[in-house]
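Take 1 as the starting number for the sequence shown in my numbering and just add one per residue.
Where is the CB? At the ideal position from N, CA and C, for every residue including glycine.
Working notes, structure below.
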Amino acid sequence: MNIIDDIPVKLETEAVMQSLKISRNTPYAVKKIEELIDSITPVMRPKAIYVKSNVEHGDPNSVIIDGHVFNSRVLVKNLADHRECYPYIVTAGQELDKIELPKGQSLMLLDLIKNIVVEKAFQYTRAVIAEEHSLTQITGMSPGHLDDWPLTQQRALFNLLGSDVEKIGVKLTDAFLMMPIKTVSGILFTSETGFQSCQICLQPRCMGRKAAYDPVVAKIYGL
Numbered sequence: 001m002n003i004i005d006d007i008p009v010k011l012e013t014e015a016v017m018q019s020l021k022i023s024r025n026t027p028y029a030v031k032k033i034e035e036l037i038d039s040i041t042p043v044m045r046p047k048a049i050y051v052k053s054n055v056e057h058g059d060p061n062s063v064i065i066d067g068h069v070f071n072s073r074v075l076v077k078n079l080a081d082h083r084e085c086y087p088y089i090v091t092a093g094q095e096l097d098k099i100e101l102p103k104g105q106s107l108m109l110l111d112l113i114k115n116i117v118v119e120k121a122f123q124y125t126r127a128v129i130a131e132e133h134s135l136t137q138i139t140g141m142s143p144g145h146l147d148d149w150p151l152t153q154q155r156a157l158f159n160l161l162g163s164d165v166e167k168i169g170v171k172l173t174d175a176f177l178m179m180p181i182k183t184v185s186g187i188l189f190t191s192e193t194g195f196q197s198c199q200i201c202l203q204p205r206c207m208g209r210k211a212a213y214d215p216v217v218a219k220i221y222g223l
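Following this line, the structure appears as structure tokens:
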């Protein structure tokens, strides 16, 4: 099991504004973002846990990873030619949930910046895994992002990673939600096609969409 206890995430005002689509022509917003970055930078401590896991192939609807069964036709197809994959959990950290906001700061703005923190932490973790194992074209899937792999499968992922998940301060609720809320999980693997779950997702309004829906790809996966 591998744990990254303090992921180096740097927040830069310009990049945060671009990510939030806020114009430089709004001095008030610029000031608030700068103040918030100054407040949370000394406090935040993003963390991750991941492991290199063995893949065994079960029936057409399931795959066995380190002895744990995952039910997803899409995941089965993505791991069809794989012997290893990389389950992970990445969190922005409990520290940001406990922070006391300076007077006049916005909880909504803090929430948006937390999204940036966890995304940067995930990108860092993915890069570490890719470098450690000499992987190229690395991609992944997350429970709940597709109907084919529901959120209930978080339980199997947490069971796979075991009690060490507690070391990064993450817990799974009875409703299969992760706490802290700014936490992401999934399984990374290599893909020559550059697969992304968004390509086979029909959700019309998704702020996190990274690729357009592709009916050709959906057909390949039998969806």
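- Taken through DSSP and simplified to helix, strand or coil, Ser185 comes out as strand.
- Three or more pairs of CB atoms, one per stretch, sit closer than 8 Å, so the stretch 33–47 contacts the stretch 3–13.
- For Ala156, the enclosing alpha helix (DSSP H) begins and ends at Gln154 to Leu161.
- Fewer than three Cβ pairs drawn from the stretch 53–73 and the stretch 4–18 lie within less than 8 Å of each other, which leaves the two stretches out of contact.
- When the Cα atoms are used, Val69 and Thr26 turn out to be separated by approximately 51 Å.
- The DSSP assignment places 138–141 as complete runs of the beta strand (DSSP E) inside the stretch 122–147, in order along the chain (cut-off: 3 residues).
- In this structure, Ile116 sits away from Val43, with a CB-CB distance that is not shorter than 7 Å.
- Distance between Val55 and Ile22, taken at the CA atoms: about 44 Å.
- Inter-residue distance for Thr173 and Pro180 is about 10 Å (C-alpha atoms, whole angstroms).
- For Tyr221, no beta strand (DSSP E) encloses it, and the DSSP letter there is neither H nor E.
- Remark: C-beta atoms of His82 and Phe189 approach each other more closely than 7 Å.
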